[in-house]
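Asker:
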Amino acid sequence: MPRVHLLAGLPGAGKTTLARRLERDVPAVRFTLDEWVQRLHGVAQGHRDFPVAAVRCQELVWDTALQVLASGTDVVLDWNCWSRARRATWRDRALRAGADPVLHHLEVDLDTAVGRLGPRADAVHHLAGLFEPPTPDEGLLIERDEAPDPAPLPERAVAVVLDPRPGDPTGPAVLVVLRRRHGTSYAVLPGGGVEPGESVPEAAARELREETGVEAVVRDRLACLEHPDRRAHYLRLEPLESARTAPTLSGPEVSTVTNLYRPAWVPVADLDAVDLRPVEARDVVRAAAALTPDR
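Heads up: the sequence shown at position 132 corresponds to 132 in our numbering, and the numbers run straight through without jumps.
(1) Can you tell which of Ala187, Val158, Arg179 has the C-alpha that lies nearest to the C-alpha of Val200?
(2) Under a Cβ-count criterion, where at least 16 other Cβ atoms within 10 Å of its own Cβ denotes burial, should Val217 be classed as buried or exposed?
(3) Would you call the segment 39-58 and the segment 99-107 touching, i.e. three or more CB-CB distances under 8 Å?
(4) Please go through the same chain and pick out, in chain order, the residues whose beta-carbon is closer than 6 Å to the beta-carbon of Arg236, but skip the five residues on each side of it.
(5) State yes or no: is the C-beta of Ala173 within less than 9 Å of the C-beta of Arg179?
(6) Skipping 5 residues on each side, what residues in its chain have a beta carbon closer than 8 Å to that of His126?
(7) Less than 8 Å between C-beta atoms, sequence neighbours within five positions excluded: which residues of the same chain meet that for Ser255?
(8) Do you know offhand how far Arg39's Cα is from Asp122's?
(9) Classify Val176 as helix, strand or coil using the three-state DSSP reduction.
(10) Taking only three categories from DSSP, how would you classify Trp82?
(11) For the segment 266-294, list the alpha helix (DSSP H) runs that are entirely contained and at least 4 residues long, ordered along the chain.
(12) Three-state secondary structure (DSSP) at Ala28?
(13) Rounded to whole angstroms, what is the Cα-Cα separation between Asp145 and Ala205?
(14) Following the continuous beta strand (DSSP E) through Glu195, name the residue where it begins and the one where it ends.
(15) Would Pro263 pass as a contact of Glu215 if the rule is Cβ separation under 9 Å?
(16) Quick one: what does DSSP say Pro169 is sitting in, helix, strand or coil?
(17) Quick check: the Cα distance between Leu271 and Leu162, rounded to an integer number of angstroms?
(18) Grouping DSSP H, G and I as helix and E and B as strand, with all else coil, what is Arg93?
(19) For Val189, does the count of other Cβ atoms within 10 angstroms reach 16, so buried, or fall short, so exposed?
(20) Nearest to Glu59 by CA position, among Ala70, Ala44, Arg93, is which residue?
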C-alpha cells in the first residue's frame, strides 16, 4: 500500500531537505507547495497573495498526488502540518485514497530555527507559539526525525538593466524576457545559475548577453532574495552601448521549442501588466528605477 508522507516542524527545521531525501530514498514523488506557488503564481511566502495562491495550488497538488498514489507510488506532501486539525485533514484524505499516512515530525530548537531563517525569524517565533506537537492518539504513524542540515541553495544571478528615458511620458524602462510557456505568458528578468568558478557579477553579465545580446558592466548589487529553490542575487548593469538598441536572443534559448522567448524593453510602470515573475522582483526594479539618474 502506498504511503502519504506528511511533515510537521518549525520553519527552518529542514522539512524540504527531508522531503528531498524521502523522494530519493523511498522513493517517492515530492510535492513542495512553495515551489508550485512560485512557478504558477510567481509569489513566495510572505507576499500578501501567497495564502490564497497556496490554497489553490494545494488542491491541484492533491489531485495530481491521487494519480500518483493510484499507481502504487508514495507521495511526499511538503507543507507544514503544524496543527492537529491540519494533520487530521490530510490523514483522512490519505485514508480515503487507500494510502497509509505517515507523519515526519522534525524537532529543532528555537535558536537553530531562527538562525537558519535569518530575515524570516519572525515567522519562526510566530509559529512556535501556535505549533501543536503530534501525539500518539492522532491515528498516524509518527516518525520523529532530527532536523537535517539544510542543503545549500543554488545561486542565481539576475540582471536589472534600466533605460531612464528622460522626457518619455511612459517613464523609465527595464529589459525583460517575455516568455510563453504551456499557454501562459509572463516576463522574467535576464538571469540564470552561477556556474562553477564563476562570480555572481560574471554570471549576471553572461546571462544578460546570452538572453538579450546586450553587453553590460555591473554597477551595483541591489538585493539578495531567497526563494524556495534558489538564492537570487539582483544586480544593476549598465549597457556598454545605447540601451535603446533592440535586444536579441543569442544563448541556448534560441533553439528551444518548448518555450517562446522574446527580450523587450518594458516601462517600469507596466511590470504588473506583463506579469513580471517572481512578484518580489517588481519591488527590486522599482526601487532601482527610483535611484537611477537620468542620462
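Built from N, CA and C at the ideal position, the CB exists for glycine as well.
Answerer: Well, looking at it:
(1) Here residue 200 is taken as the residue at index 200 of the sequence shown, counted from 1. For Val200, the nearest C-alpha among the options comes from Val158.
(2) Counted from its first residue, the sequence shown places residue 217 at position 217. Classification of Val217: exposed, given that the 10 Å Cβ count is below 16.
(3) no
(4) To locate residue 236, count along the sequence shown from 1; it is residue 236. Around Arg236, the same chain offers Val160, Arg219, Asp220, Leu222, Ala288 as residues with beta carbons nearer than 6 Å, after the five sequence neighbours per side are excluded.
(5) For the purposes of this step, residue 173 is taken as the residue at position 173 of the sequence shown. For the purposes of this step, residue 179 is taken as the residue at position 179 of the sequence shown. Not in contact: Ala173 and Arg179 (Cβ atoms no closer than 9 Å).
(6) Taking the first residue of the sequence shown as position 1, residue 126 is located at position 126. Cβ neighbours of His126 within its own chain (closer than 8 Å, five residues either side excluded): none.
(7) Walking along the sequence shown from the start, residue 255 turns up at place 255. Model confidence at Ser255 stands at a pLDDT of 48, short of 50, so the residue's coordinates are unreliable and nothing is read from them.
(8) Your numbering for residue 39 matches position 39 in the sequence shown. Your numbering for residue 122 matches position 122 in the sequence shown. Each residue's Cα considered, the two are about 25 Å apart.
(9) On the sequence shown, position 176 is the one that residue 176 refers to. In the structure shown, Val176 sits in a strand (DSSP, three-state: E or B).
(10) The residue you call residue 82 lines up with position 82 of the sequence shown. In the structure shown, Trp82 sits in coil (DSSP, three-state: anything other than H, G, I, E or B).
(11) With a minimum length of 4 residues, the continuous alpha helix (DSSP H) runs that stay inside the segment 266-294 are 280-291.
(12) For the purposes of this step, residue 28 is taken as residue 28 along the sequence shown, with counting starting at 1. Three-state result, Ala28: strand.
(13) As a working mapping, residue 145 is identified with position 145 in the sequence shown. As a working mapping, residue 205 is identified with position 205 in the sequence shown. The alpha-carbon atoms of Asp145 and Ala205 are separated by roughly 42 Å.
(14) Taking the first residue of the sequence shown as position 1, residue 195 is located at position 195. It is not in any beta strand (DSSP E) - Glu195 carries neither H nor E in the DSSP assignment.
(15) Here residue 263 refers to the residue found at position 263 when the sequence shown is read from its first residue. Here residue 215 refers to the residue found at position 215 when the sequence shown is read from its first residue. Cβ distance not < 9 Å, so Pro263 and Glu215 don't count as in contact.
(16) Your numbering for residue 169 matches position 169 in the sequence shown. DSSP places Pro169 in coil when its eight states are reduced to three.
(17) Indexing the sequence shown from 1 puts residue 271 at position 271. Indexing the sequence shown from 1 puts residue 162 at position 162. Near 13 Å, if we compare the C-alpha coordinates of Leu162 and Leu271.
(18) Within the sequence shown, numbered from 1, the residue matching residue 93 stands at position 93. Helix at Arg93.
(19) Walking along the sequence shown from the start, residue 189 turns up at place 189. Strictly speaking, residue 189 in this sequence is Leu, with Val absent from that position. Buried: at least 16 other Cβ atoms inside 10 Å.
(20) Counted from its first residue, the sequence shown places residue 59 at position 59. Of the candidates Ala70, Ala44, Arg93, the one whose C-alpha sits nearest the C-alpha of Glu59 is Arg93.
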